[in-house]
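Residues 4 to 235 in the working numbering are what the sequence shown lists, from first letter to last.
Heads up, the beta-carbon is just placed ideally off N, CA and C, and yes, glycines get one too.
Only a predicted model underlies this, so the values are computations on that prediction, with no experimental measurement involved.
Worksheet for the structure shown next.
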Amino acid sequence: MAEQQNILVVDDDPAIRRIICRVLGAEGFSTEEATGGIDAVHMAEQRSYSLIILDLIMEDMDGFQVINYLRTHGILTPVFVLSGRQAETDKVLALGIGADDYITKPFSTMVLCAKVKACLRRISLSSPNGHTVLTAGDFQYVCDEMKLYKNGDEIPLSSKEALLMKYFMSNVNRILTKEQIYTNVWNDSMVDDNTIMVHIRRLRMKIEEDPNHPRYLKTIRGIGYQLKSPEL
């Protein structure tokens, strides 16, 4: 339930932190504050959070460095980036290294809350009771743990990559349109092509021997994508 979900708010501007914490608190979420990137990674290492809301530009350790540190150290907590920088390259880089969403400042607190609720709801729905395991060729996905294994070896994924892989493995060998993927993984029909392409590329880097010539995750030109099981 929402009151049990704890969100880490990371921003070197105390006014921004107060606004976000006040809004999320009114929705029943528990929040903690980090004043910078170094503070954030220390806190994330010491306890689990349901979500991290992360400023991009900070003096001690910027948001890119925070995301990279978390992901390379196996911390897969969903991360929403908040940034005054609207350059497409910043968005692509943040999503590419493991962010789950990128929201530009100034932002609507109503939209932020809606995105937070949708993200946590999807994660909750993707973790049913019992050890449901999806199998597709060389891959196994343990639903309640959101963990992917290839030939018995775990492949660390961000939360969005895990949800994406789960959707593909639930529809193995089916051709999925971008619209279907948006609806079922992002729950948002407005996600742009760049966003999904970045996540597909990151997923291929982790599951394919040769990401430039994928064996498993195929692009179906003009339609969408297909997770192909070589055994079928």
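Start and end of the beta strand (DSSP E) containing ASN9?
Per DSSP, ASN9 belongs to the beta strand (DSSP E) from 9-13.
Answer with buried or exposed for VAL44, where buried requires no fewer than 16 other C-beta atoms within 10 angstroms of its C-beta.
buried
Quick one: give me the first and last residue of the beta strand (DSSP E) that GLN183 is part of.
From DSSP, GLN183 is part of no beta strand (DSSP E) but of the alpha helix (DSSP H) over 181-184.
Out of VAL69, VAL136 and ASP63, which one is the CA nearest neighbour of VAL82?
VAL69
For the stretch 138-172, list the beta strand (DSSP E) runs that are entirely contained and at least 3 residues long, ordered along the chain.
142-145, 150-153 and 156-158
Over what stretch of residues does the beta strand (DSSP E) that includes TYR105 continue unbroken?
Looking at the DSSP string, the run of the beta strand (DSSP E) that includes TYR105 is 104-107.
What did DSSP end up calling ILE78 once you bin it into helix, strand or coil?
coil
What residues are listed by DSSP as bridge partners for ILE55?
LEU11 and VAL82
Using the Cα positions of ASP196 and PHE67, report the straight-line distance between them to the nearest angstrom.
22 Å
Flag this pair as touching only if the stretch 108-117 and the stretch 203-212 have three or more C-beta atom pairs under 8 Å; answer yes or no.
no
Taking GLU212 as part of the alpha helix (DSSP H), name the residues at either end of that continuous run.
Taken as a continuous stretch (DSSP letters only), GLU212 belongs to no alpha helix (DSSP H), as it is neither H nor E.
Examine the Cβ distances between the stretch 71-81 and the stretch 171-183 and report whether three or more of them are shorter than 8 Å.
no
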